[in-house]
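J.:
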Amino acid sequence: MNPHAKLISIVSLIMGTSITMSSNHWILAWTGLEINTLAIIPLISKSHHPRAIEATIKYFLTQSTASALILFSSLTNAWSTGQWDITQLNNPTSCLLLTMAIAIKLGLVPFHFWFPEVLQGSSMTTALLLSTLMKLPPITLLFMSSQSLNPTLLTTLAISSALVGGWMGLNQTQTRKILAFSSISHLGWMIAIIIYDPYLTILTFVLYSLMTMTVFLSLTQIKVLKLSTMLISWTKTPMLNATMMLALLSLAGLPPLTGFMPKWLIIQELTKQEMTPTATTITLLSLLGLFFYLRLAYHSTITLPPNSSNHMKLWRTNKASNTPTAILSTLSISLLPMTPLITTMF
């Protein structure tokens, strides 16, 4: 890809995200979302492979539909209330349309079908952007309008996403698809709590992004796209595989790792809000996700191939400094003892 085109796309991504996050007017927020969509499209299609082109078209169609719904929602609200302020979403129809639009943009169930396919057709770096940075503007819109949304609808979306994200990830062999369903499951946790404690949703998203970046960067470095190649990746970077295993277990939410913190706080808050059945259901559904995280961890470090493999053993190489991966791995593993400080900050 042309370096100048790549630079323009990255700058546009940052600008679009900043515009949406800093705006109070619906039209300005919608403009930021459109800039984001148009900026990521060249990054998805840069390989010119048929699968990448297919992923680009799917992404463009779904995001265009969601943007049209957001515009329609804001127009309906302005028509009935005379307000263009994001925090003044008082029309029930507008609230329903906005929830549907954000669910499409985030890839929540039942609008999740595009997300694993788009990630599978993208490079690892673009998949990382789609899983983290591209989800920040829609979550910001939910954060700002959270007091106006329907709790029953959001709880239904949350439980469905946790269920489908865990269930569909069980039989996957491609690492990008596994991480896509992991993203859907984690978004279910974020949506479940956004009405009752929006700042906890932001904290959960930050920690999820931290752990996902660690896993994606590790997979990019050891060049693993499917589980069969992960079985022999330990010969190349044994230490990186070990830290990636801990990052995967952290994504699963096992104590005493960082990923346990948001789940613990969400369950605590749901219980305070007398939503014990929801907390119990979403906790039990997270066991489905735990299975495929353990499967990934098992493939990365604990076993050798049970039979002869067609893949060539990889030699260890002296790579350049991996400082970002090391820092992210440390944060992904060891932040749980700092829970009181982090919750005070948020």
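Under the working numbering, the sequence shown has 278 at position 202, and the numbering climbs by one with no breaks.
Think of the CB as a built atom: it goes at the ideal place given N, C-alpha and C, for glycine as much as any other residue.
(1) Which residues does DSSP pair with Gln250 in a beta bridge?
(2) Let me know if Asn166 comes out buried or exposed under the rule of 16 or more other beta-carbons within 10 Å of its beta-carbon.
(3) Whole beta strand (DSSP E) runs in the region 195-243 with 3 or more residues, listed along the chain?
(4) Please classify Asn317: is it buried, with 16 or more other beta-carbons within 10 angstroms of its beta-carbon, or exposed?
(5) Taking the alpha-carbon positions, what's the Phe422 to Ile254 distance?
(6) Helix or strand or just coil, what does DSSP make of His124?
(7) Would DSSP call His101 helix, strand or coil?
(8) Can you tell me which of Ile270, Thr202, Thr249, Ala154 puts its alpha carbon nearest to the alpha carbon of Leu233?
(9) Find out if the Cβ-Cβ distance for the pair Pro423, Ile178 is shorter than 7 Å.
(10) Tell me whether His188 is buried or exposed, calling it buried when 16 or more other Cβ atoms sit within 10 Å of its Cβ.
(11) In whole angstroms, what is the alpha-carbon distance linking Thr420 and His125?
(12) Please name the residue, chosen from Val291, Pro314, Met315, that lies closest to Leu407 on a Cα-to-Cα basis.
(13) Beta-carbon separation of Gly92 and Ile116 under 7 Å?
(14) Keeping to the same chain, check which residues put their C-beta closer than 7 Å to that of Thr132; ignore five residues upstream and five downstream.
(15) Let me know the alpha helix (DSSP H) ranges lying completely inside the region 296-373, each 4 residues or longer, listed in chain order.
(16) Verify whether the separation of the beta carbon atoms of Ser249 and Lys299 is less than 7 Å.
(17) So, for Asn100: in the same chain, excluding its five sequence neighbours on each side, which residues have a beta-carbon less than 6 Å away from its beta-carbon?
(18) Taking Cβ positions, are Gly365 and Ser261 nearer each other than 7 Å?
(19) Do three or more CB pairs link the region 278-287 to the region 220-228 at distances below 8 Å?
(20) Exposed or buried, what is Ala238 when buried is set at 16 or more other beta-carbons lying within 10 Å of its beta-carbon?
(21) So if DSSP puts Asp161 in a beta bridge, which residue, or which two residues, is it bridged to?
(22) How is the alpha helix (DSSP H) around Ser376 delimited, first residue to last?
(23) Helix, strand or coil for Asn398, going by three-state DSSP, please let me know.
(24) Pick from Glu345, Met97, Ile90, Ile103: whose alpha carbon is nearest that of Leu24?
(25) Could you give the first and the last residue of the continuous alpha helix (DSSP H) run that contains Leu182?
(26) Check whether the Cβ atoms of Ala328 and Tyr369 sit closer than 7 Å, and answer yes or no.
(27) Is the separation between the beta-carbon of Lys181 and that of Ala142 shorter than 7 Å?
(28) Do Leu184 and Ser149 come within 7 Å of each other at the CB atom, strictly closer than that value?
T.: The answer reads as follows:
(1) According to DSSP, Gln250 bridges with Lys302.
(2) exposed
(3) none
(4) The residue is buried, with at least 16 neighbouring Cβ atoms inside 10 Å.
(5) 30 Å
(6) Coil.
(7) Shown here, His101 sits in a strand according to DSSP, grouped into three states.
(8) Nearest of Ile270, Thr202, Thr249, Ala154 to Leu233, Cα basis: Ile270.
(9) Summary: the structure shown does not reach residue 423, with the chain confined to residues 77 through 422, and so no result is reported for it.
(10) Burial is judged here by how many other beta carbons sit within 10 angstroms of a residue's own beta carbon; His188 has at least 16 and is buried.
(11) 47 Å
(12) Val291
(13) Contact annotation: Gly92 and Ile116 have beta-carbon atoms that are not nearer than 7 Å.
(14) Ile117, Ile120, Ser121
(15) 303-306, 314-328, 336-348, 352-373
(16) This sequence places Thr at residue 249; Ser is not what is there. No, they are not a contact pair.
(17) Asp161, Ile162
(18) yes
(19) no
(20) buried
(21) His101
(22) Unbroken run through Ser376: none, as it is neither H nor E.
(23) coil
(24) Nothing can be reported for residue 24, as the shown portion of the chain is limited to 77 through 422.
(25) 168-182
(26) yes
(27) Yes, the Cβ-Cβ distance between Lys181 and Ala142 is below 7 Å.
(28) Annotated as distal: Ser149 and Leu184, with beta-carbon spacing of 7 Å or more.
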